[in-house]
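Residue numbers (my numbering), protein chains in the order written: chain A, 65 to 385; chain B, 4 to 729.
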Amino acid sequence: MIHLTIDNRDIEVRQTMTVLEAARANGISIPTLCYHEAVAPYAACRLCMVEINTPRGGKPGPDRPGRIVAACAQPCEQGLTVQTNSPRVQAARRVTAELLMASGEHLPLVQAIARAMGAEHAATTLPPNDCILCGLCVRACDELVGAHAISLVERGLDKKIAPPFEITSAACIACATCVLICPTGAIMLKDIAPSLPHPQPLAHEARGDKSPPQPLAHEARGVKSPPQPLSHEARGDKSPPQPLSHEARGDKSPPQLLPYEERGVKSPPSFVGKGAGGLGSHDARTCRVCGEATLPRVFADAEYLLNLPIERDQKAEVQAL
Amino acid sequence: MTRTGVFLCTCDQKIAKSIQVDAIPYVLRSNREVVVVSPQEHLCLPDGLAALRETIARHKLDQVVVAACPTRFQEKHLRAACVSAGINENAFALVDWREGCAYVHRGDKVKATGKAIDLLQMTLARVTSAAPADQVTVEIEPRVLVIGGGIAGLTAARAIAEHSIAVTLVEQDAELGGHARHVPLNGKAHAFETTRADVLNHPRIDVRLSTRVVSVTGSVGAYRVELAECHGANRASSNGSNGAAHSTEVVAGAVVIAIGAQEYRDAHLYHHDGRRVVTLGEFEIQNSKFKIQNSKLEIQKPVPNQHEGAKIENGEFPTSVVYILCAGSRNAHIPYCSNVCCLGALDQALRVKRAHPEAQVTILFRDLYLLGDELNEEIVLDARRLGIEFLRYAEAQPPHVNGETVTVHDTRTNSMQQLHYDRLVLATPRVPRAEAGVLARLFKLPRDQFGFLIDPHWRVRPEQQHPRGIFVCGSAHQPVDMDTATMQGMTAAAQAARFIHKRVLTHPAASAVVNPAFCTGCAQCVETCAFGAITLVSRTPRAERVGRAIAILDRAQIDPFLCLACGNCVVACPAKAIDLCGGVPAATNLGDAQIYAQLDAALDARHEGETRVVVFGCHWSGFAAMELAGARRLQYSADTRVIELPCSARLDPLHVLYALLHGADEVVLALCPPDECHYANGNHFAERRIENLRAQLSAHGIDPTRVRHVRLMGDDAHAWVQAVKA
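Quick look at the structure:
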């Protein structure tokens, strides 16, 4: 057991506890958003900021301001002094609330936080988004369910919650834990869980079911595993791949295959439609064999390949004569 | 008598806002089994967990009931704390009285408290009415059976053997190699031959050629597989030539299925005859007479052909070869793309053209799928350089073939083309082998709508789903090229090795159990089970059965590793010989006795004039939606009593009748919408049972509207509120 001071109250706690747990256990409330008792602390929302002074840093005073830290991830320490509501803490929380308002001003939860923190205007304006990226759903899926079906993808302003490749994931078991833990109601099962991810059982005919379950859409079958990214070396190929030998064949102008973007095709084969926004679109499926998300099939750009000017192989024609 | 402790988490006074927490200990102490009722401020914090463990030790508890927040949040942690304090894993139960009661009945403290007491009494009744089941342990036999000696099978066998695990490799042909024997391998030949030689010479690999799998007995951890030499093949070496197949038994802990796929052949497809109109594989065999090897321009005079299917006129190589890609695939019948046929056809066409530059080679295609990296696009350019013609046809206008010519509408030039052909080569799709059906039945594997095998994957929690030690790889589950087959072989090998190295499988005792004293062997449960977990076994030993005309009264046996504890068979059993031990709701027994005990507890404390709505909620939809409604603070009537079921198919119509008899005004079943059932089709069963029951009720003069079923998703809280309101 160790002793620390929270808001001028001397408190005795277990050493393994965080400042937030110590405060809660003693009836001192600290606002939180990304914290949940059932999952590991994450310190993402910066709403539980407190001001701490360690005994090594000397007595707090005007000339010796404390550090502003996230209470949910700060371990307790003998002799720690914690202020949960100092002006600096309030200012830090207000900034957090203003930033939350940038894309979440329409959310009742964010409005309540903003009222409590005294934030009046959004720090900036972003497109409205229900998801506040607290990461609770991802942690719940990883730690509580163990399905690892969703994760935070992209970076910066594009960051969002999505299954792999932003398509519905067969790893999802549709247990709705993410829906339950989401503080804003931003996540829905239809964005993650594919309908009917498993095949119908063998004994179906044997049971004489009158209404057989719907088979998967035909397109689903057309989606196969992604092109294998193995390099030639990794495959253990001794010989270099055939098509590289333009020069060896003495071609005068070996045609350069342009990247798709430079070919000027109207609809370049793109991997996943990103138009739907939010939690990814549903035009791609999951591999029903391995259960992993797969990229949609990309057929070769046949027109481009067939229209590319090439030189006929003279040797072959000579031989033909 | 058990010693049960009840822990009440007040969750920082949130519960006390709508429930009179002080009153609850007085009520619960009237239960004989309840030794201690302990309110805690924060059970989830380290202090609370420590107090929980300490109380368990002090009162020598052997069963624990906790009232706290939703099971989805805290059950894992609280159960772990109880197990660390010496409680049986299955002797723990969590009641959700925050989202399930306190948050949703804000207005009426008396009714909310009454519901909280009922919820606790129901859980107590459930926990105390059943002895917690023990875990099942199985040893894993350290041998892997690899079925199929193609690329995937060879790779897997070698990789497993290198993990110091004994391997039995079964191949039905007289030679290893599969499809790769027939095609030039473009620089992969060396790797392939090395693998094949390694497998043949490896001391830990037992190669059985000309052998098939005949039957499978045993269960997870030790499959007893009977192998028999095939008829027809390898007859010269077998001494008993009279069809008496020599059969042996192999005991394997894990099975790798790599049986591959076969080429689709259909006589109606472009007049396929195997002579002038051939498939890719048939043409490859014809070509082998011409010694066409990879990229080598050696033209040899064709040898006179004795092969039945490969009649070459005048001994000359055909002067015009027409390929039709997507022949017979990507249509209504076989909608999938087989991955390998475009590249295979292009590769073959290139070899033909290089060997016979005088031959006219034309490729009719719909789309080109060039599996692999972008370098494969070069193969199209190579083909054009050599003078191979490409014509694109549309799905709506497939090529028309008559005896001499192919007529096709080329969409690139928008013109009709008529091509003479000496050889018409069809790039047909890969379809599952007939053996896939046999193995699916023997190993109880699901198949997709086209007949390919599928690794079993059910939408249940990871801890509910047990590894079975059966791994499918290669073209057995979808057509793949050599590189992918190799990779999948390696993956399957790694999975199999990891499985074998576990040595022991422990199964938490969550499964349906047959009472052999009641079982009549009617096989209703066998047909009901979507997972193939139930088999009929004979009561009499094999030796005693000899000479007996009728084997009387087989009995059902449930494999606990295949059972997902949905409870469908419990309801289907007409003799009520099956009971459910464990399962999703709190992993405690949910047999019929436990459900009736819960109904008693839910309905007994009813005051005169009060209504009771008994809701049976599927764990994945109804119960999830109830918890979500609590999280969203939606308000509904406190007269509801919710009983959690693993699947809606667990609901026996008798439960409904029991509830109606004991004072329930209404019974609601909240189940998954169609195609969303986590146990394949439990909701179909449940709906039909409820509909039948309603018909019976109205025939007997009982208002059928008192029994309802509601389809809802687990993320639809408003549907839940509507369901219990209406």
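Just so you know, even glycine gets a beta-carbon here, dropped at the ideal spot from N, CA and C. None of these values were measured; they are calculated from a predicted model.
Give every residue of the same chain whose Cβ lies closer than 8 Å to the Cβ of residue i, excluding the five residues on either side of it in the sequence, and list them in chain order.
{"i": "I337/B", "result": "Y267, G331, P432, V434, F453"}
{"i": "A59/B", "result": "As written in the sequence, residue 59/B is Ile, which differs from the Ala given in the question. Within the same chain, I59/B has close Cβ partners G8, V67, C85, A88, G89, I90."}
{"i": "R207/B", "result": "A164, S167, I168, A169, V170"}
Can you give me the Cβ contacts of residue i inside the same chain, cut-off strictly under 7 Å, excluding the 5 residues immediately before and after it?
{"i": "A352/B", "result": "Y326, V364, I366, A386, I391"}
{"i": "R542/B", "result": "L556, D557, R558"}
{"i": "P577/B", "result": "C525, Q527"}
{"i": "H212/A", "result": "C205, D206, A235"}
{"i": "P192/A", "result": "S167, H170"}
{"i": "A627/B", "result": "G717"}
{"i": "G284/B", "result": "H185, E266"}
Have a look at residue i and residue j and give me their C-alpha separation to the nearest angstrom.
{"i": "K728/B", "j": "A225/B", "result": "52 Å"}
{"i": "F320/B", "j": "T410/B", "result": "22 Å"}
{"i": "L672/B", "j": "V724/B", "result": "13 Å"}
{"i": "L732/B", "j": "G190/B", "result": "Absent from the structure is residue 732/B, since the part of chain B shown begins at 4 and ends at 729."}
{"i": "L123/B", "j": "K17/B", "result": "18 Å"}
{"i": "P402/B", "j": "Y396/B", "result": "7 Å"}
{"i": "T158/B", "j": "H205/B", "result": "12 Å"}
{"i": "H658/B", "j": "C680/B", "result": "21 Å"}
{"i": "V336/A", "j": "K254/A", "result": "Reliability fails at V336/A, whose pLDDT of 32 lies under 50, so the model's placement of it is uncertain and no value is given."}
{"i": "L565/B", "j": "G535/B", "result": "7 Å"}
{"i": "G249/A", "j": "C109/A", "result": "17 Å"}
{"i": "D365/A", "j": "L371/B", "result": "8 Å"}
{"i": "S41/B", "j": "I70/A", "result": "28 Å"}
{"i": "K447/B", "j": "L349/B", "result": "38 Å"}
{"i": "A155/A", "j": "I66/A", "result": "30 Å"}
{"i": "E613/B", "j": "D642/B", "result": "8 Å"}
{"i": "Y424/B", "j": "N405/B", "result": "10 Å"}
{"i": "S624/B", "j": "P258/A", "result": "15 Å"}
Within a Cβ cutoff of 6 Å, which residues of the same chain sit near residue i, ignoring the five residues on either side of it in sequence?
{"i": "A119/B", "result": "I22, W100, C104"}
{"i": "A634/B", "result": "E102"}
{"i": "A257/B", "result": "V147, G472, A499, F502, I503"}
{"i": "C246/A", "result": "C201"}
{"i": "L179/B", "result": "G152, R199"}
By the three-class DSSP mapping on this structure, what secondary structure does residue i have?
{"i": "M252/A", "result": "coil"}
{"i": "E630/B", "result": "helix"}
{"i": "Q491/B", "result": "helix"}
{"i": "K63/B", "result": "coil"}
{"i": "E178/B", "result": "coil"}
{"i": "F619/B", "result": "strand"}
{"i": "A71/B", "result": "strand"}
{"i": "T708/B", "result": "helix"}
{"i": "S478/B", "result": "helix"}
{"i": "F363/A", "result": "coil"}
Item to check | Against chain B: residues of the region 80-106 of chain A by CB proximity under 7 Å | outcome: Those residues of the region 80-106 of chain A that come within reach of chain B (Cβ to Cβ, closer than 7 Å) are T80, M81, E85, R88, A89, E101, A102.
Next on the checklist: Does the region 263-282 of chain B come into contact with the region 504-521 of chain B, if we say contact requires no fewer than three beta-carbon pairs (one atom in each stretch) closer than 8 Å?
Outcome noted: The region 263-282 of chain B vs the region 504-521 of chain B: no contact.
Checklist entry - Looking at C-beta atoms only, is the number of pairs between the region 663-670 of chain B and the region 699-714 of chain B that lie closer than 8 Å three or more? => result By the Cβ test, the region 663-670 of chain B is in contact with the region 699-714 of chain B, since at least three Cβ pairs between them sit closer than 8 Å.
Next on the checklist: Quick test of the definition: if touching needs 3 or more C-beta pairs under 8 Å, does the region 211-220 of chain A touch the region 228-247 of chain A?
Outcome noted: Below 8 Å, enough C-beta pairs join the region 211-220 of chain A and the region 228-247 of chain A to call them touching: three or more.
Next on the checklist: I'd like to know if the region 126-138 of chain A and the region 104-117 of chain B are in contact, where contact means that at least 3 CB-CB pairs between them fall below 8 Å.
Outcome noted: At 8 Å Cβ cutoff, the stretches do not touch.
Checklist entry - Can we say the region 125-133 of chain B touches the region 146-162 of chain B, given the rule of at least three CB pairs closer than 8 Å? => result No: fewer than three Cβ pairs fall under 8 Å.
Item to check | the region 161-172 of chain B touching the region 488-498 of chain B, judged by at least three CB pairs closer than 8 Å | outcome: The region 161-172 of chain B makes contact with the region 488-498 of chain B: 3 or more CB pairs, one atom from each, lie closer than 8 Å.
Next on the checklist: Under 8 Å: do the region 561-578 of chain B and the region 71-83 of chain B share three or more Cβ pairs, one atom per stretch?
Outcome noted: No, they do not touch.
Item to check | Residues from the region 682-702 of chain B in contact with chain A, defined by Cβ distance under 8 Å | outcome: Listed by position along the chain: A683, N684, H687.
Item to check | Residues within the region 198-211 of chain A neighbouring chain B, beta-carbon criterion of under 9 Å | outcome: For the region 198-211 of chain A, the beta-carbon criterion of a distance under 9 Å to any beta-carbon of chain B is satisfied by A204, E207, L208, V209, G210, A211.
Checklist entry - Using 8 Å as the threshold, is the region 165-175 of chain B in touch with the region 211-221 of chain B, meaning 3 or more CB pairs across them? => result Segments in contact, yes.
Item to check | Inter-stretch contact at 8 Å, needing at least 3 Cβ pairs: the region 187-202 of chain A / the region 93-109 of chain A | outcome: Taking a contact to require three or more Cβ pairs closer than 8 Å, the region 187-202 of chain A and the region 93-109 of chain A qualify as touching.
Checklist entry - Three or more beta-carbon pairs under 8 Å between the region 599-607 of chain B and the region 692-701 of chain B, yes or no? => result Note that the region 599-607 of chain B does not touch the region 692-701 of chain B; fewer than 3 beta-carbon pairs, one per stretch, sit closer than 8 Å.
Checklist entry - Quick one, which residues of the region 79-111 of chain B are near chain A if we go by CB-CB under 7 Å, in chain order? => result Residues passing the 7 Å Cβ filter: K79, H80.
Next on the checklist: Does the contact criterion of 3 or more C-beta pairs under 8 Å hold for the region 184-191 of chain A versus the region 149-169 of chain A?
Outcome noted: Cβ pair count under 8 Å is three or more, so yes.
Next on the checklist: For the pair the region 607-625 of chain B and the region 640-650 of chain B, tell me if three or more CB-CB distances fall below 8 Å.
Outcome noted: Under the three-pair Cβ rule at 8 Å, the region 607-625 of chain B counts as touching the region 640-650 of chain B.
Checklist entry - Residues in the region 706-718 of chain B with C-beta within 8 Å of chain A's C-beta atoms, listed in sequence order? => result Residues M716, G717, D718.
Checklist entry - Taking a cut of 9 Å between CB atoms, which residues from the region 199-227 of chain B lie near chain A? => result Of all residues in the region 199-227 of chain B, none has a Cβ within less than 9 Å of some Cβ in chain A.
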